[in-house]
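Participant: Take this structure first; my questions come after.
Protein chains: 2
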Amino acid sequence: MRIGQLARRSGVSVRALRYYEEQRLLESARTPGGQRDYPDEALERVQLIQDLFAAGLSSRTVVELLPCVSTGVATPAMLDQLIIERDRIAARIQDLTRAKTKLGHVIENVTAANVAPD
Amino acid sequence: MRIGQLARRSGVSVRALRYYEEQRLLESARTPGGQRDYPDEALERVQLIQDLFAAGLSSRTVVELLPCVSTGVATPAMLDQLIIERDRIAARIQDLTRAKTKLGHVIENVTAANVAPD
DNA sequence: CCTGAACCTGACGTCAACGTGAGGTATGAG
DNA sequence: CTCATACCTCACGTTGACGTCAGGTTCAGG
Numbered sequence: 247m248r249i250g251q252l253a254r255r256s257g258v259s260v261r262a263l264r265y266y267e268e269q270r271l272l273e274s275a276r277t278p279g280g281q282r283d284y285p286d287e288a289l290e291r292v293q294l295i296q297d298l299f300a301a302g303l304s305s306r307t308v309v310e311l312l313p314c315v316s317t318g319v320a321t322p323a324m325l326d327q328l329i330i331e332r333d334r335i336a337a338r339i340q341d342l343t344r345a346k347t348k349l350g351h352v353i354e355n356v357t358a359a360n361v362a363p364d
Numbered sequence: 247m248r249i250g251q252l253a254r255r256s257g258v259s260v261r262a263l264r265y266y267e268e269q270r271l272l273e274s275a276r277t278p279g280g281q282r283d284y285p286d287e288a289l290e291r292v293q294l295i296q297d298l299f300a301a302g303l304s305s306r307t308v309v310e311l312l313p314c315v316s317t318g319v320a321t322p323a324m325l326d327q328l329i330i331e332r333d334r335i336a337a338r339i340q341d342l343t344r345a346k347t348k349l350g351h352v353i354e355n356v357t358a359a360n361v362a363p364d
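Protein chains in written order, with this note's numbering: chain D, 247 to 364; chain Y, 247 to 364.
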């Protein structure tokens with residue numbers, strides 16, 4: 247599969263895919279003419295990368311954790327890092343939940359004020 | 247209260263406070279000498295700004311929503327925006343929860359593999 | 001062989017929320 | 001008055017994940 251097709255299938259831009267390769271998050275074979283040629287598994291990998299980015303991990307962290315995420319094999323240091331990242335995500339979820347609740351209250355108040363200005 | 251004290255009390259940097267003013271998120275009176283002089287309520291406001299930033303809102307959005315968040319009075323457009331932002335946060339929480347679960351599975355697998363390599 | 005689409009490699013631009021340094025002023029205790 | 005802080009206004013630097021443009025190459029269909 248060439249880069250354009252992978253981009254369309256995964257929903258990320260061609261530029262992003264090249265960037266992933268530059269950051270060593272994604273490999274590609276090359277055609278004799280020098281064009282990237284991806285195996286089908288690349289699609290899953292791109293989606294995994296997107297998930298990790300969406301979770302707020304940096305590309306540096308992702309490149310460190312990708313091996314164990316996809317193979318299930320990790321050094322103790324990698325395990326520590328995994329736990330750190332999971333906890334960071336959990337804390338972030340707490341923050342967002344608080345913020346959501348707060349906005350919810352504001353919305354309620356505003357709605358009440360508009361609907362029943364008294 | 248001067249800027250240094252507000253910074254210490256709120257936990258944000260002096261630079262950040264000046265930035266908030268530049269973005270019209272925060273006002274200040276001035277001493278005859280030109281130094282910023284904040285009322286006590288500024289502390290709450292800074293904390294509110296931080297909460298909204300932490301929720302992933304941009305300063306542009308915050309400046310639009312701050313009035314109704316602090317006064318409880320909103321135009322219909324502001325209410326729409328509030329709902330949009332709340333839903334955005336909810337979606338983000340979903341993403342993060344999925345990612346956290348995923349990382350949790352990885353951690354379980356890795357731990358199992360390390361503890362009981364069989 | 002020809003052509004248009006898709007691809008290639010640089011390399012500079014973007015955006016947000018500040019950090020940081022320069023060079024000067026205000027404040028308040030002694 | 002003096003001096004140490006704290007403060008002031010520019011204004012450029014930083015970071016991450018790409019966007020975008022330039023200038024050239026490869027591929028596939030006819």
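Heads up, the beta-carbon is just placed ideally off N, CA and C, and yes, glycines get one too.
Would you grab the beta carbon distance between serine 256 of chain D and glutamine 293 of chain D for me? Rounded to a whole angstrom, and I think it's under 8 angstroms.
Facilitator: Contact holds; Cβ gap of about 6 angstroms.
Participant: Please tell me whether leucine 252 of chain D has its Cβ less than 8 angstroms away from any Cβ of chain Y.
Facilitator: Not closer than 8 angstroms to any Cβ of chain Y, the Cβ of leucine 252 of chain D fails to qualify, so no.
Participant: Which value, in whole angstroms, describes the spacing of the CA atoms of proline 278 of chain Y and arginine 270 of chain Y?
Facilitator: C-alpha separation (whole angstroms): 22 angstroms.
Participant: What residues are listed by DSSP as bridge partners for aspartate 283 of chain Y?
Facilitator: According to DSSP, which records beta bridges pairwise, aspartate 283 of chain Y is partnered with Y/Ala275.
Participant: Helix, strand or coil for valine 260 of chain Y, going by three-state DSSP, please let me know.
Facilitator: Looking at valine 260 of chain Y - three-state DSSP - the assignment turns out to be helix.
Participant: Between isoleucine 330 of chain D and chain Y, is there a C-beta pair that is closer than 8 angstroms?
Facilitator: Not one chain Y Cβ lies under 8 angstroms of isoleucine 330 of chain D.
Participant: Less than 8 angstroms between the C-beta atoms of alanine 300 of chain Y and leucine 298 of chain D, yes or no?
Facilitator: No, the Cβ-Cβ distance between alanine 300 of chain Y and leucine 298 of chain D is not below 8 angstroms.
Participant: Of all the CB atoms in chain D, is at least one closer than 8 angstroms to the CB of leucine 272 of chain Y?
Facilitator: Output row for leucine 272 of chain Y: interface = no.
Participant: What three-state label does DSSP hand alanine 301 of chain Y in the structure shown?
Facilitator: In the structure shown, alanine 301 of chain Y sits in coil (DSSP, three-state: anything other than H, G, I, E or B).
Participant: If contact is defined by three or more beta carbon pairs under 8 angstroms, each pair taking one atom from either stretch, is the segment 334-341 of chain D in contact with the segment 247-264 of chain Y?
Facilitator: No, the segment 247-264 of chain Y does not touch the segment 334-341 of chain D.
Participant: Listing by chain order, which chain D residues have their CB less than 8 angstroms from the CB of alanine 275 of chain Y?
Facilitator: The contacting residues do not exist; alanine 275 of chain Y stays about 27 angstroms from chain D at best.
Participant: Reducing DSSP to helix, strand and coil, say where methionine 324 of chain D ends up.
Facilitator: Helix.
Participant: Taking valine 356 of chain D as the reference, give the member of Y/Gln327, Y/Val308, Y/Gln296 with the closest Cα.
Facilitator: Of the listed residues, the one whose Cα sits closest to valine 356 of chain D is Y/Gln327.
Participant: Report the neighbours of threonine 307 of chain Y on chain D: residues whose CB is nearer than 8 angstroms to its CB, in chain order.
Facilitator: Residues of chain D passing the Cβ test: none, with the nearest at roughly 11 angstroms.
Participant: Taking only beta carbons into account, state which residues of the segment 336-353 of chain Y come closer than 9 angstroms to chain D, listed in chain order.
Facilitator: Those residues of the segment 336-353 of chain Y that come within reach of chain D (Cβ to Cβ, closer than 9 angstroms) are Ala336, Arg338, Ile339, Asp341, Leu342, Thr343, Arg344, Ala345, Lys346, Lys348, Leu349, Gly350, Val352, Ile353.
Participant: Is the Cβ-Cβ distance between leucine 272 of chain Y and isoleucine 295 of chain Y less than 8 angstroms?
Facilitator: Yes, they are a contact pair.
Participant: With 7 angstroms as the limit, tell me which residues of the segment 258-272 of chain D have their beta carbon closer than that to any beta carbon of chain Y; keep them in chain order.
Facilitator: For the segment 258-272 of chain D, which is checked against every Cβ of chain Y, not one residue is closer than 7 angstroms.
Participant: Quick one: which residues of the segment 309-329 of chain D get their C-beta closer than 7 angstroms to a C-beta of chain Y? List them in chain order.
Facilitator: Taking 7 angstroms as the Cβ-Cβ cut-off against chain Y, the residues of the segment 309-329 of chain D that qualify are Cys314, Val315, Gly318, Val319, Ala320, Leu325, Leu328, Ile329.
Participant: Taking all protein chains shown into account, do 16 or more other C-beta atoms lie within 10 angstroms of the C-beta of valine 234 of chain D, making it buried, or fewer, making it exposed?
Facilitator: The requested residue 234 of chain D does not occur in the structure, where chain D is confined to residues 247 to 364.
Participant: Just tell me which of Y/Leu349, Y/Glu331, Y/Glu354 has its CA closest to the CA of valine 352 of chain D.
Facilitator: Per the Cα distances, Y/Glu331.
Participant: Taking buried to mean at least 16 other C-beta atoms within 10 Å of its own C-beta, is valine 308 of chain D buried or exposed?
Facilitator: Flag for valine 308 of chain D reads buried.
Participant: Distance check for alanine 323 of chain D and leucine 342 of chain D, CA to CA, integer angstroms please.
Facilitator: Distance between the alpha carbons of leucine 342 of chain D and alanine 323 of chain D: 29 angstroms.
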